[in-house]
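Asks: The structure under discussion is supplied below as structure tokens; questions concerning it will follow.
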Amino acid sequence: HQYFLGPTTASIQTPPARPTRLSSQAPRGNGILRTDDVDLDEQRITEDLFKNYDPGLRPVFKKQDNVTVTLGVSVHQIIDVDEKNQIIKTSLWIRQIWNNPFLRWNSTYYGGIKSINVSPKQVWKPDLVLYNNADPGTDGSLENFQTRIIISSDGTNMWLAPVILSSSCKIKIQYFPFDEQYCRLKFGSWTFDGFHLDIRAQAPFAATGKFVPNGEWDLVDVPAKRNEEYYDCCKAPYPDVTFRIHIKRRVLFFLFNLIIPCLVIVLLTSLSFYLPPDSGERISVVITNLLAMTVFMLIVAEILPPTSDEVSIISIFYSCSIFEVGIALLGTCVVLKYHFCSTSVHKMPPWVHFIVIQCMGKLFRKVPNDSDEGTLEKPSSKENEKPSKMENGITDSLLLQSDSCGKKNQRRDKRYIPLKPLPHATDQGSNLSMSSKTDDEMHRRGTPYSTHRFDDLLAEPSCDRSVIAHAILAKQEIMSRNLEILARAQKEENEDSKAKDEWQLAASILDNFFCWLFLLSIIVSSAVLFFRINEARTTDQTPIVIDTDEARLLEDVLGKSYDKKLRPVIDKHKNVTVVLGLTLNQIMDVIEKFQILQLSLNVRQIWANDFIQWNSSEYGGIDQINVEPSELWKPDIYLYNNADASFDGSLYGFKAKIKVESNGKNSWLAPIILTSSCKIDVRYFPFDQQNCMLKFGSWTYDAASVDIVPEAPSANLLDYQQNGEWDLIDFPCEQNKKSYVCCPNPFTDVTCTLQIRRRTKYYWINLIIPCMLITVLSLLSFMVSTESGERITLVITNLLALTVFMLIVADILPPTSEVVPLISIYITCSITEVGIALVATCVVLQCYHTNPDMNEMPFWMRYFVCQKLGKLLRIQKIKHKIAEKEAKDGVDGLLKKPKIEPRNKLFGFSSLPLPRSDSYEKLFNTSAGEASCKVCQENKEAPSRPVSQYFQEAAMYKLTDRNLQESEISLAGSLCDEPLDAAECKEDCTCASLRPVLPLLGAIIHRQDHIVEGIKKLTDNLQEEDIMGGDRDEWIFAAHVLDRLLLYCFIIVLFSSTLFTFVMIPSYD
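Residue numbers (full-length UniProt numbering): 1 to 1069.
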């Protein structure tokens, strides 16, 4: 059997039990098996060591000596690095080693035992504290571990303990996420100065052999350094050991989750330059990417602390990315504006033509073709040349002329001379004037063009000889006039098409320009960030005589006669004056939503204890001792406006020792993290200044019993660690007396007011400027053409982004209805401005796409919008501008429209008085013309008019069989310059062959009638399209006017609201 007795093991072998009577009997005693050979050396050591031992005494033989504590740290794990609250949470193994000369023994007298493990409550322990503790649940003390202390025979005490510490760490976010952080762990005694307790590092570096790798951070090294500092409270130096944890962030997570997605989004934005403007998806691509970039930036802003000391490199990266996407959005809006520019309203300015088409076009190798370039720059020489007119207004090509010079053909050549000019051809008041309203009205009714009237023919002396020629020329005149209208319409369409092509060419050049600008900005920003990243990646002799003065002093002062429950005054009518002092270490957090302030402070309480006084000369010159707080009376001071549910706000629960001086002065210095309520004034957020009060006072003692006074007019700010979000202005303290309903006597309190002012750079970068840019980007919606179909997408996405910003601000601020924050007013104004842009877009799209057949423009809209507002905003149609320019230059304008007459009044007849004549039919053989006409044969449903009627209209008298020969001669004479008799006609070859030609003339005139009808239909359709196009142009013009008006309204509201908001920002002196 084996029995375990402490650290030793006794092995006892027993023979097998015999089946005797004694072996069956029960053992004697209480049933616990013990051996007679038990090692009691450890028990004797414990009894001998702690007999008459006082754990409150410093382990020194002489009061002049100090205790040297060696501190060693082994870093086991980095649990968390909270960048937003600037706190690092680490798992450490702490080693505290010191020598206690009162706990030594000779191991030979105790069986060779060289070390024992005892409870930490049995021995003296150094009061080491983590100075930059950031855990509200602990005070950062290292003397509260529950692990046992190892005591060696030479008096060496070694205390090993695992601990998880939360310490404040100033996070440098300049190179985030390629950053390296240096976090301090400052350990030192809280009450013992350097003359009583010295602390040293065990090694130059903390041990990292057992370090568990962290997924986010790489541990570089943890060097240790000893420092000595002087504080205002004391004249002696206070040593400390500071471990600097050097960690480097591992960027793989941020690279794949934040940087690469952002880069992909930016590069995908370049595809918007690949999409054609007619696709209607360019704005959607860019604005969606911009919204995605905004979301990424908000995620990063949520991770990083709201500091204004520096701007992180990833924030710069996202800002550059948003700027680059903004360039793409600006370029897209400009390109769409130029591509869909209305040529009826906008004419390309000369400077745009010079800079964009000529200069930039050559740079991007997008110069128009030679033919197009000549057309765009100046009209062709053929267009400037006016066609040569004959005296009667007919072109030379309409009549056949012979240039033969032979004498034989002189007479024939004389017959082919031009007709004499008609009277109306040179009369400026003639029927050819296109300014006549009657002609326009008749033309709109579908009446064909005509230029010859019966009265004109009667006034012609040779009308009896040139009737047929004039009839043919009249038909050709009708066709020429209609063709002039068609040609003019085609010319205008070609000019509009050329102007449209010019705008689209400018849009294509600008598209290339913004594409290269976008790519260049990406390259430059990436290069700058790359260099910044590289910049981020570029250290005993043992006393013989025992001094018992301190032990005697504690025994005499804190003996049985002292009662710690009594108020430390000899006269009960006197009060205890408590001096309260604060040292501000750090502003941990200001939670606006819950109106809570969290501070890291050192609290000093000083009071006089009349019961604890001594003469230092009687105790070896000892003028001060450190006493456990549980041994003395303490004032019950509370933080009145405590806001920590796990802490009652009392200042007498500290575990730090109280320093007691020989004159009875008690000084209690302790670190604490206080959470207090603070009334947050959000009126000028984020340009606000807050005043948070900390009210300290006794909870049970009135002013007659305990009087509390401030140590100084303001708190000590020498050791203050700068906060990234707030600037510290002042921390004044004052005493107040206030009476309460519960008690007749007043109560005193010390109220310290923390005055802080918010640093606004963080909010400028992450809230105000993005919101301002989104609002300004809504201005681009007025540049986007209504034909692109992407105006609503641009505006509504900006409105959605502003709504997200509004929700973020609402989540930060407390839900108070007392005041409206300035940032909320600004974002609300921005949403209103984007709403104006949305309303403007809807109104403009409604007017632009209105069907004039279904909705006729009201008179008031035509008068106020098109005329008054158009004139006021200096918007005018291009055609009107051209007409005014030509009128100013003395040009009549467009080509004059010819006089329009009904077909049955071609020669002045209101009806057809002449019946069809057989002889006339035989003369011209009009049936042959009808029989040979394929149009009449194919279109049998259309009413066919006898061809002879056209000749009857052209004839001046009725033809009969008896004067058939004279009519033939007369008809032949119409082709000559002078009348011929019958003999001459028979001898002349031309006159002799006139009869066979007459059927051909009838067929020509018949086909001319079909040509006139077809041209008339084209002309009528063109006129109807012009009328409908004019109505639609009115709605489009009204849309442009309203667009310009609402643009000015948007700009006015934008500048006025921005100016109003910035004027409201308070000016702090």
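All C-beta atoms, glycine included, are put in the ideal place defined by N, C-alpha and C.
Counting C-beta neighbours from all protein chains within 10 Å, is the total for Glu1034 16 or more, i.e. buried, or is it exposed?
Replies: Its Cβ being crowded by 16 or more others within 10 Å, Glu1034 is buried.
Asks: If Pro686 sits next to Arg758, beta carbons under 8 Å apart, how far is it from one beta carbon to the other, in whole angstroms?
Replies: Yes, they are in contact, since the Cβ atoms of Pro686 and Arg758 sit about 6 Å apart, within 8 Å.
Asks: What are the boundary residues of the alpha helix (DSSP H) that includes Ser284?
Replies: Ser284 -> alpha helix (DSSP H) spans 282-303.
Asks: What would DSSP say about Pro306, mapped onto helix, strand or coil?
Replies: It is coil, neither helix nor strand.
Asks: With contact counted as at least three CB pairs below 8 Å, one residue from each stretch, are the region 621-630 and the region 600-608 in contact?
Replies: Verdict: no, contact absent.
Asks: Would you identify the three-state DSSP class for Glu229, choosing helix, strand or coil?
Replies: Here Glu229 sits in strand by DSSP.
Asks: For Tyr619, which option in Ala643, Gly649, Ser662, Pro635 has the closest C-alpha, if you only look at C-alpha atoms?
Replies: The shortest C-alpha separation from Tyr619 is found at Ser662.
Asks: By the three-class DSSP mapping on this structure, what secondary structure does Ile149 have?
Replies: If DSSP states are grouped into helix, strand and coil, Ile149 belongs with the strands.
Asks: Is Pro277 helix, strand or coil when you go by DSSP?
Replies: DSSP places Pro277 in helix when its eight states are reduced to three.
Asks: Which residues does DSSP list as the beta-bridge partners of Gln64?
Replies: Note: Gln64 sits in no beta bridge, so no partner.
Asks: At the level of alpha carbons, what is the spacing between Trp93 and Leu160?
Replies: Approximately 7 Å, taken between the alpha carbons.
Asks: Strictly by DSSP, which residues pair up with Thr70?
Replies: According to DSSP, which records beta bridges pairwise, Thr70 is partnered with Ile97, Arg200.
Asks: Roughly how many whole angstroms lie between the Cα atoms of Tyr175 and Ile314?
Replies: Roughly 7 Å between the two C-alpha positions.
Asks: Could you check what DSSP says for Cys1049 in three-state terms: helix, strand or coil?
Replies: Of the three classes helix, strand and coil, the one that applies to Cys1049 here is helix, per DSSP.
Asks: For the pair the region 225-235 and the region 142-154, tell me if three or more CB-CB distances fall below 8 Å.
Replies: In short, these stretches do not touch, since the Cβ pair count stays below three.
Asks: Which value, in whole angstroms, describes the spacing of the CA atoms of Ser526 and Leu520?
Replies: Those two C-alpha atoms are separated by around 10 Å.
Asks: Cβ atoms of Asp198 and residue 1073: under 9 Å apart, would you say?
Replies: Given a span of 1 to 1069 for the chain in the structure shown, any question on residue 1073 remains unanswerable.
Asks: Kindly provide the ranges of any beta strand (DSSP E) runs that are 3 or more residues long and lie completely inside the region 645-707, ordered along the chain.
Replies: Whole beta strand (DSSP E) segments, 3+ residues: 658-661, 665-677, 689-698.
Asks: Opposite Thr242 in the DSSP bridges: which residues?
Replies: The partner list for Thr242 (beta bridge, DSSP) reads Lys186, Lys225.
Asks: Can you grab the Cα-Cα spacing for the pair His424 / Ala507, in whole Å?
Replies: Bear in mind that a pLDDT of 39 at His424, under 50, signals an unreliable position, so the model cannot answer this.
Asks: Count the other CB atoms, across all protein chains shown, that sit within 10 Å of the CB of Ala328; report buried if there are 16 or more and exposed otherwise.
Replies: Buried, by the Cβ-count rule.
Asks: Which partner residues does Ile596 have in the DSSP bridge list?
Replies: Per DSSP, Ile591, Ser677.
Asks: Taking the C-alpha atoms as reference points, what is the distance between Asp563 and Glu550?
Replies: Taking the straight line from one Cα to the other gives about 20 Å.
Asks: Can you tell me the Cβ-Cβ gap for Ile823 and Val834, rounded? I've got them flagged as a contact below 8 Å.
Replies: Actually they are not in contact, since the Cβ atoms of Ile823 and Val834 sit about 16 Å apart, beyond 8 Å.
Asks: What residue range is occupied by the uninterrupted alpha helix (DSSP H) comprising Arg757?
Replies: Looking at the DSSP string, Arg757 is not in any alpha helix (DSSP H); the run it does join, the beta strand (DSSP E), is 747-758.
Asks: Have a look at Thr343 and Asn494 and give me their C-alpha separation to the nearest angstrom.
Replies: Straight-line Cα distance between these residues: approximately 12 Å.
Asks: Compare the C-alpha of His353 against each of Met783, Trp503, Gly194 and name the closest.
Replies: Answer by Cα proximity: Trp503.
Asks: Given that a residue counts as buried once 16 or more other Cβ atoms are within 10 Å of its Cβ, and exposed if not, what is Tyr274?
Replies: Answer is exposed; the Cβ neighbour count stays below 16.
Asks: Relative to the alpha-carbon of Asp135, which residue among Ala487, Leu674, Leu336 has its alpha-carbon at the smallest distance?
Replies: Ranking the options by Cα distance to Asp135, first place goes to Leu674.
Asks: With 16 as the cutoff for other CB atoms within 10 Å, does Lys337 come out buried or exposed?
Replies: It counts as buried.
Asks: Could you please give me the residues that DSSP links to Gly137 through a beta bridge?
Replies: Beta-bridge pairing links Gly137 to no other residue.
Asks: Check the C-beta distance from Ile875 over to Val345 and give it rounded, since I have them as a contact under 8 Å.
Replies: Contact holds; Cβ gap of about 7 Å.
Asks: Mapping the DSSP letters down to three states, classify Trp764 as helix, strand or coil.
Replies: Note: Trp764 maps to helix in three-state DSSP.
Asks: Using the rule of at least 16 other Cβ atoms within 10 Å of the residue's Cβ for burial, across every protein chain shown, is Arg365 buried or exposed?
Replies: Label assigned to Arg365: exposed.
Asks: Just how far apart, CA to CA, sit Phe696 and Glu628?
Replies: Near 23 Å, if we compare the C-alpha coordinates of Glu628 and Phe696.
Asks: Buried or exposed, going by whether 16 or more other CB atoms sit within 10 Å of the CB of Val682?
Replies: Buried, because 16 or more other Cβ atoms sit within 10 Å of the Cβ of Val682.
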